[in-house]
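Worksheet for the structure shown next.
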Amino acid sequence: MLGAYLPIVVLFALAFGFAVFSVIIATVTGPKRYNKAKLSFYECGIEPAPMSSGPNRFPVKYFLTAMLFIVFDIEIIFLYPYAVASRELSLFGLIEIFLFLATVFVAYAYVWRRGGLDWD
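Quick note on my numbering: the sequence shown kicks off at 75 and runs consecutively.
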């Protein structure tokens with residue numbers, strides 16, 4: 075019975091082994107020439123502005139933007155199953171997708187009104 079899972083276990087073991095091997099080989103064989111330019115922060119080709127709270131802290135705005143992107147991206151992923159099965163779901167599916175889209179747009183309007191999309 076467990077023999078059916080053996081290919082999956084072997085595949086996971088190979089993937090894990092390859093990942094560990096790649097990380098170890100990269101650190102062992104990679105160049106070790108550190109300079110100030112390599113150790114500094116990189117922000118889209120613009121020289122990073124000095125921050126009053128120290129050089130290793132990023133503003134929360136970076137993380138909020140990333141989280142908003144992930145949230146709205148994942149919500150859009152839920153539209154694909156509806157697109158595939160829209161004929162079978164008929165009116166019930168249409169009503170549910172309109173409710174889902176209304177929820178997404180309410181969240182979008184809330185974030186917009188709160189200034190979460192401002193790039194200043």
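For every residue, glycine included, the Cβ atom is placed at its ideal position computed from N, Cα and C. It should be emphasised that the depicted structure is a prediction, and the values quoted were computed from it without experimental measurement.
- Taking the Cα positions, Glu-149 is about 42 Å away from Thr-103.
- The Cβ atoms of Leu-142 and Val-83 lie no closer than 8 Å to each other.
- If you draw a straight line from the Cα of Arg-188 to the Cα of Ala-111, it comes to about 37 Å.
- Going by DSSP, Phe-152 is part of no alpha helix (DSSP H) at all; its letter is neither H nor E.
- The Cβ-Cβ distance between Tyr-156 and Leu-163 falls below 8 Å.
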